[in-house]
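Input: a single structure, listed below in structure tokens.
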Amino acid sequence: MRQSIVVALNRTFKHWSLLPAVVLFVALTIFPIANLVRMSVSTIEFAEGQARWTFTPAHNFSLLLADTVLWPAAVNTLVFVVVAVAVEMALGLGLALLVARLGRGKGLARTIMVLPILVPAVAIGSMWKLMYNYDFGVFNQALTALGMAPVNWLGSTSVALASVILVDIWHWVPFVFLVLFAAVEGVPNDVIEAARIDGATDAQIVRRIMIPLLKPALAIALIFRSILAFKTFDEVFLLTSGGPGTSTELVSVHLYKVFFEENQLGYGALLSLALIAAIVAFLAVSRGALAAGRSA
Amino acid sequence: MKSIQRGLCALAAVALLGIGAAGSAGAQQPFADVGKQPPITILINSSPWYAGFEKTVELYEKQTGNKVKLDATPYGGMLEKARNAVRGAKSSYDLINLDTQWTIEFYEGGFLVPYKEVDPAFDLPKEVLTYGESGYWNADKRFRSAQGGKLMAWSPNGNVLLYVYRDDLFKAAGLAPPKTWEDVLAACAKLQDPPKMYGSVMRGERGNGIRFDWMYFMLGKGAAVVRDPAGGDYTVTINSPQAKAALDLYLDVAKRCGPPNAGSLGQGDLIQLISTGKAAAGMVVSAAWNNFDDATKSAVVGKVQAVPIPRPADGKPAALLGNWNMAIPKNIPDAQRKAALAFSRWFLTAGAQRVYAEAGAIPVRDDTFRSDLAQNPKYRWMGAYLEMQKYASQELGYAEGAQVEQILGLRLNQALIGEMNSAKALNAAAKEIEELFKKNNRRTGGLTPLPE
Amino acid sequence: MPLTGRGRIVGYILLGLAVLCVVGPFLWILVNSLKHQIDIFTGAWRFTPTLANYSEVLFSRRSDFAGNVLNSAIVATASTALVLVVGTLAAYSLYRFEWARWISGAFLGWTLVFHMIPVLTLVGPWYIAFRQLGWYDTLGGLVLAHVTMNLPMTVWLMMAFFREIPPELDEAALIDGCRPLQVFRLIALPLAAPGLIAAGILAFIFSWNDFAIALNLTTRDTATVPVAIARFAQQYEVLHSQMAAAAVISTLPALLLMAFGQRFIIQGLTLGSVK
């Protein structure tokens, strides 16, 4: 009896191993996604406690074209994502390679690195806002102590976006580090030893052996970090709400205002589909660019 | 054993309170007898007055034996939870608390049941403050007004802005409490000394912050966003010469009295600047008052005073309200509605409001303000608060309110940080608001644009 | 290949700098949690430390914070365990077996697109669905929601780690007479252990920190830590000192649970491993 169950489990392993994930996804994601798509081509109004849907795809699309805040938001988002993700990937990779080569303290280093992503976003936002404070913040205290003029971190249109990006970098380098560190740990030691015996330098080992072996993990880190960067909301909302002017307005912050604060469900849904399309395009382009860079 | 003891203690407390109240108020019944009711759940925000609300609710449970469950929710999650509740098949809450600018959506959407539909005999006691009648909805005019409007909500809390100033600094400089913005500018000429001291601070951050604070100037100069929304005339008047004068005055005060980061100041920043002694004065929300007198939060304990917000020298006093509105969702059974109304009736009694105030909350009854509480120096801001109630009004009381706020909040902020001049900012806002009304088929139009 | 000599000193200096940058703001929270608000406001360096914020957060009459931490611990632990099982199995299935391209492509694409949806537009439909299913306001419902939320990253991560395993290894094992389940359990899983730990830590953290979903699917009794901490961000001001204390308190159980979870995974995998 028991034997036959084991045999059956083995024979059907291919299928039942994928089944729970598929069931969960079918059960919990089809409704929200279908609902989102349906909303994006509709206008939704409420009367007598009931939602009234009307089919208005052209109208929703015209709102997209007439949206004066969307253009600066799209530009800011692109700058934000490219700068933040590039710096985070570089720092995360460097740290992962460094920590992996330390004899001791790996576990401790990993635990410490986790701290920034462990603190809830609302606490991170309020804390950095205090640190950036013009009159009392720790950064301006330091600048004044060094005899320099204080910087208007969040109140100046030329600095605010950089300030916000800095917070994102602090927050998310650990994410890249965690993924890449695990991958570095997985690289078999004998491969590297063999290269070393053949006389390879450190730089060569990293470039010729580590990076190619880490490619799958680098791709995952890049994909998931980019997606989250496009969706960045909490910290920016708490730090600047998109201001001053539109200098830190991101598409996700704009989406919040449209979909949530203004209750424009149809247009908001269309905006979020546009954001998804932008992410897909970004991932495709960066994949193409990386492939081209490698063959060149 | 312990629980019996606690029960006895509670009984004694109720008895004492009852006797005390009966003794002072004579024959008048300070609390309402609302009978036996099923348990209710209230959606309420975490706030400085939540503790007071909870204490009052506990007394209600002890007095009546009726159960009340409070879902204390972060401010940032209130609107979402309220929408979830009313849009679903059956609301999980029997009373929902709505910030004033959200109420229109809920009134227009038909999500709430008017109090008189639950009990035709129910009326707000005349002492209860109506905060610009934000709790009434006139469905024909699609406007919040007691004139032909139905009672949809009552306020558990209301705020106005107060002009808070450092009594010690003003006296030392020989300055009287300011009555006009021109007085404020004159005071700033003496007190402004950045970065050590800022003369007067107010909100300038994009969005609700600058929109709300600037509207005190706008109303003071007699300008308006829309000509007559109650009468259905949505002609946009935000780029009138009066509105420009109001914006120029606001910008003048920001530049001559404020810090270099005026364009990013929010309410939290104002509280910080005043309680650390960095700002000599400022327009801040009345809810912040307790901070300034609390030694763990303030370096200026006992040194601040409050007066009504100044008016323009050639203008009139004005006040905008930020109050909360407690409403009954439509999608609950009748017995639940009745229980929610019973609690409302009890909560608005003089007795309950007294307990509410003593537990640290701001009461919502006129007579509670005027009682012996007002003699307590802790409540020295109440005079200004009541004075402001006289001019209180609700702005943006139409379905497009949230979108108009976004437009104004951005354009005003851009004028403040110098991205465009005041005329250009107001012209841009006017154009966008007019287009918005057009799209929604309102009767609208515009003024001749201001010369830029 | 540990560093030696001068390289090692430079390495530790660089790491020290990195740790300082990472830990600095966290230490700053810690210091703030010991300050009264006025000292936080002025950015004071000299102040009298106080434990008042901690007692306010933990023991004030209206505080549910201990309960919130417990809810978070249950939800994060359970959802992490579940997502690791479900996600690792799915990843292994997709990596190891010959699925039709459209099936694996559709599944992976679907998960990735789902991951791109702004949470804001997702929670409304979930609220409706969860109420109808009777999962609203239950910890179990929140666990399922978090498993779904973390599944895309877990599947993709684990696939990347399975791909690093040389294919000769498990082919050899199969020829040696191991059954597919044994190959998975005794060869693939132990070799992918670092990935399993990374995926577990990330899933745990994203569950621990989720605000939007937890807000919509819970009420006061089932609320988790991020919802509780958000209560300190009020309409007009942030209660900085209490928020700092709450943030510090909430990190400790999370760190402990993660350390415990890592050990559990490693021990579970090495037991009976053929490595």
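Chains as they are written, first to last, in our numbering: chain A, 333 to 628; chain B, 3 to 454; chain C, 1480 to 1754.
The beta-carbon is built from N, C-alpha and C at its ideal position, and this holds for glycine as well.
Report buried or exposed for L275/B, applying the criterion of at least 16 other Cβ atoms within 10 angstroms of its Cβ.
The C-beta of L275/B has 16 or more other C-beta atoms within 10 Å across all chains shown, which makes the residue buried.
Rounded to the nearest angstrom, what separates L597/A and T132/B at their Cα positions?
The straight-line gap from Cα to Cα measures roughly 31 Å.
Reference S372/A; option with closest CA among L607/A, A492/A, V354/A, F614/A
Nearest of L607/A, A492/A, V354/A, F614/A to S372/A, Cα basis: L607/A.
Is there a Cβ of chain A sitting closer than 8 Å to that of E1535/C, yes or no?
Not an interface residue.
CB-CB under 8 Å to L1573/C, same chain, minus the five flanking residues each way: which ones, in chain order?
S1583, F1586, L1587, V1634, M1638, listed in sequence order.
Indicate the three-state DSSP secondary structure (helix, strand or coil) for V508/A in the structure shown.
Three-state DSSP puts V508/A in a helix.
On a Cα-Cα basis, can you pick out the residue from A1667/C, A1725/C, L1537/C that is closest to A1712/C?
Comparing Cα positions, the closest option is A1725/C.
Would Q396/B pass as a contact of G134/B if the rule is Cβ separation under 8 Å?
Between Q396/B and G134/B, the gap from beta carbon to beta carbon is short of 8 Å.
Could you tell me the boundaries of the alpha helix (DSSP H) in which A53/B lies?
DSSP places A53/B inside the alpha helix (DSSP H), whose first and last residues are 52-66.
As assigned by DSSP and simplified to three states, the class of T105/B:
Correct three-state label for T105/B: helix.
With DSSP as the reference, label V287/B as helix, strand or coil.
DSSP places V287/B in the strand class (E or B) of the three-state scheme.
Cβ-based burial, P335/B [other Cβ within 10 Å; buried from 16]:
Here P335/B is exposed, its C-beta having fewer than 16 other C-beta atoms within 10 Å.
Along chain A, which residues have their Cβ under 7 Å away from the Cβ of L1493/C?
Near L1493/C (Cβ distances below 7 Å), the residues of chain A are L430.
Give a yes or no on whether the minimum CB-CB distance between P261/B and chain C is below 8 Å.
No, its Cβ sits nowhere closer than 8 Å to a Cβ of chain C.
Check whether the segment 198-208 of chain B and the segment 260-275 of chain B touch, using three or more Cβ-Cβ pairs below 8 Å as the test.
They touch, by the three-pair rule.
Between the alpha carbons of L350/A and W1578/C, how many angstroms are there, rounded?
The C-alpha of W1578/C is placed about 10 Å away from the C-alpha of L350/A.
What residues from chain C crowd round P452/A, counting only those whose CB sits closer than 8 Å?
Contact annotation for P452/A against chain C: N1688, F1690, V1704, P1705, I1708, A1709, A1726, S1729 [CB-CB distance below 8 Å, chain order].
Would the beta-carbon of N293/B be found less than 7 Å away from any heavy atom of the ligand HEM?
Although the ligand HEM was asked about, the structure shown includes no ligands whatsoever.
So which residues on chain B does K589/A lean against when the C-beta distance must stay under 7 Å?
Under the 7 Å cutoff, chain B gives Q408.
Whether P313/B touches G222/B by CB criterion (8 Å)
The residue asked about is misnamed: residue 313/B is Arg in this sequence, not Pro. In this structure, G222/B lies closer than 8 Å to R313/B by Cβ.
If you measure from the beta carbon of L45/B to each beta carbon in chain A, is any gap under 8 Å?
Not closer than 8 Å to any Cβ of chain A, the Cβ of L45/B fails to qualify, so no.
Once you ignore the five residues that flank Q149/B on each side, which residues in its own chain have a CB closer than 7 Å to its CB?
Cβ neighbours of Q149/B beyond the five flanking positions: N140.
Opposing strand residues paired with Q307/B [DSSP bridges]
DSSP lists Y167/B as partners of Q307/B.
Taking the DSSP output, what are the residues bridged to E377/A?
Residue pairing of E377/A in beta bridges, as defined by DSSP: R384/A.
Just how far apart, CA to CA, sit A492/A and Q1661/C?
Those two C-alpha atoms are separated by around 55 Å.
Nearest to K392/B by alpha carbon, out of L153/B, P379/B, L322/B, K380/B?
Among L153/B, P379/B, L322/B, K380/B, the Cα nearest to that of K392/B belongs to L322/B.
Going by beta-carbon coordinates alone, are V1704/C and S1686/C separated by less than 8 Å?
Pairing V1704/C with S1686/C gives a Cβ-Cβ distance that is not under 8 Å.
Between G172/B and A282/B, what straight-line distance do the alpha-carbon atoms span, to the nearest angstrom?
Inspection of the sequence shows that residue 172/B is occupied by Phe rather than by Gly. Looking at the two C-alpha atoms, the distance is approximately 8 Å.
Quick one: Cα of R8/B to Cα of L45/B, how far?
At R8/B the pLDDT is 41, less than 50, meaning the model places this residue with poor confidence and gives no usable figure here.
On the three-pair Cβ rule with 8 Å, is the segment 338-351 of chain B touching the segment 256-264 of chain B?
These segments do not touch.
Classify A23/B as helix, strand or coil using the three-state DSSP reduction.
Note that A23/B scores 39 on pLDDT, short of 50, meaning its location in the model is unreliable and no value can be drawn from it.
Distance, Cα to Cα, E581/A vs R343/A?
Spanning the two alpha carbons is a distance of roughly 54 Å.
Is there a Cβ from chain B that is less than 8 Å from the Cβ of Q1721/C?
No, Q1721/C lies away from the interface with chain B (no Cβ there is under 8 Å from its Cβ).
Hey, quick one: how far does the alpha helix (DSSP H) through L81/B stretch, first residue to last?
Counting along the chain, the unbroken alpha helix (DSSP H) around L81/B starts and ends at 77-89.
What residues in its chain sit with their C-beta under 6 Å from that of A29/B, if we drop five residues either side in the sequence?
Annotation note: pLDDT 36 at A29/B (below 50); position unreliable, coordinate value reported separately. Leaving aside the five residues that flank A29/B on each side, none in its chain has a CB nearer than 6 Å to its CB.
Counting C-beta neighbours from all protein chains within 10 Å, is the total for E1647/C 16 or more, i.e. buried, or is it exposed?
Burial call: exposed.
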